[in-house]
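Asks: Numbering (the numbering used here), first residue to last: 768 to 911. Backbone N, C-alpha and C define an ideal beta-carbon position, used for all residues, glycine too. These numbers were taken from a predicted model, which means no experiment stands behind them. One structure coming up, written as structure tokens, with questions to follow.
Put into structure tokens, the structure is as follows:
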């Protein structure tokens, strides 16, 4: 893993936080910072397309932006979900649960509620030792 691409991704994540805080005072500035952050994320992925940690950062954050704002990054989210799907058998259990949690949330966002809930229940039932187990449990409870 390249220190440069990792630092670039972390800077982009910090910029997303700044963009969120700017929403209250200037939508224009907020969108500008958001777009710059996404450009940095994409550049980081171009530098190291197989870097799982950077893919996880981009997937989680852009899924959140897509689900909770008028700005959508569906194409990028789809690309990252496909990245994990095609490598699922090579992923460790932590990364599998991360992918499945994101996929479940995404399916619910796309109005495939039953599919999303089944995926999230899979995480709860089969990935108890992972860090995403508790998050998914709380998220699923919030839907009921």
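1) Can the beta-carbon of residue 886 be found closer than 8 Å to that of residue 907?
2) In chain order, what residues of the same chain have a beta carbon less than 6 Å from the beta carbon of residue 852, not counting five sequence neighbours either side?
3) Can you give, in chain order, each stretch of the alpha helix (DSSP H) that sits fully within the stretch 878 to 911 and has at least 4 residues?
4) Quick check: what's the CA-CA separation for residue 807 versus residue 850?
5) Give the single residue among 787, 814, 786, 911 whose Cα lies nearest to the Cα of residue 880.
6) For residue 815, does the three-state DSSP call read helix, strand or coil?
7) Taking buried to mean at least 16 other C-beta atoms within 10 Å of its own C-beta, is residue 872 buried or exposed?
8) Using alpha carbons as the reference points, say which of 856, 822, 836, 901 lies closest to residue 798.
9) Would residue 883 and residue 896 be called neighbours here (beta carbons separated by less than 8 Å)?
Replies: Answer, in terms of the structure:
1) Reading the chain shown from its first residue, position 119 is the one you call residue 886. Reading the chain shown from its first residue, position 140 is the one you call residue 907. For residue 886 and residue 907, no; Cβs fall outside 8 Å.
2) Position 85 of the chain shown, counted from the first residue, corresponds to residue 852. Taken in chain order, the list of residues that qualify is empty.
3) 880 to 893, 899 to 910
4) What you label residue 807 is simply residue 40 of the chain shown in a count that begins at 1. What you label residue 850 is simply residue 83 of the chain shown in a count that begins at 1. If you draw a straight line from the Cα of residue 807 to the Cα of residue 850, it is about 19 Å long.
5) Mapped onto the chain shown, residue 880 falls at position 113. Of the listed residues, the one whose Cα sits closest to residue 880 is 911.
6) Indexing the chain shown from 1 puts residue 815 at position 48. Looking at residue 815 - three-state DSSP - the assignment turns out to be coil, as it is neither helix nor strand.
7) If you number the chain shown from 1, residue 872 lands on position 105. Buried.
8) Locating residue 798 in the chain shown gives position 31, counting from the first residue. Out of 856, 822, 836, 901, 836 has the C-alpha closest to the C-alpha of residue 798.
9) Counted from its first residue, the chain shown places residue 883 at position 116. Counted from its first residue, the chain shown places residue 896 at position 129. No, the pair does not count as a contact, with Cβ atoms beyond the cut-off.
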